[in-house]
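Residue numbering for the sequence shown is 42 to 182, as defined by the numbering used here.
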Amino acid sequence: MRVRTRARELALQFLFQLDFHGRPYLDELEAFLDEELGEHPEAAEAKAYARRLVEGVARRREDVDARIGAAATNWDLGRMAGIDRAVLRLGTYELLFADDVPHRVAINEAIELAKRYSTEKSGAFVNGILDRVRKDAGVAR
């Protein structure tokens, strides 16, 4: 599995837990990453990117949630499945704020996470919302 793909998986798992435990749970990020990846030198890149994603989503959560809410017509963020909400937060953050990630990669990776960790229909759901977030933000196709 590619380094950033693994980092996204770990970030998703942590963001899902963060949604339930609240902001103080951020203090557990390093222990979580160490437990999942160990202390191997080759794990450093995955840890760094997962940390960047989690901290970025946490720092910009209000903006990220507002953009998802605006794009998710007829859907309240609180009514979405927790895993879908975490995938959308991660995808929106990468799409809009991770300048080194092409927008197509951000969307595709989020779709793949939704398919893997959520329901059969979640991939299409995530795709539709992230494409709308992209359009609303004026990000070119």
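For each residue, glycine too, the CB sits at the ideal point set by N, CA and C.
Verify whether the separation of the beta carbon atoms of residue i and residue j is less than 8 Å.
i    : j    : result
V95  : F55  : yes
E86  : V44  : yes
D125 : S159 : yes
A151 : L131 : yes
I109 : I170 : yes
L53  : A111 : no
W51  : L74  : Residue identity differs from the one stated: residue 51 is Leu in this sequence, not Trp. Yes, Cβ-Cβ distance for L51 and L74 is below 8 Å.
V167 : A181 : no
F57  : G119 : no
L78  : A84  : yes
Taking the alpha-carbon of residue i as reference, which of the options has the nearest alpha-carbon?
i    : options              : result
M121 : L136, P143, D60      : D60
E135 : S163, E76, A91, Q58  : A91
A113 : R175, E71, K88       : R175
L129 : D141, A165, G79, E83 : A165
A178 : E153, L137, E161     : L137
R183 : S163, G123, D172     : In the structure as shown, the chain starts at 42 and stops at 182, and residue 183 therefore has no counterpart that could be examined.
For residue i, does the count of other Cβ atoms within 10 angstroms reach 16, so buried, or fall short, so exposed?
i    : result
T46  : exposed
K88  : buried
H81  : exposed
A107 : exposed
R49  : buried
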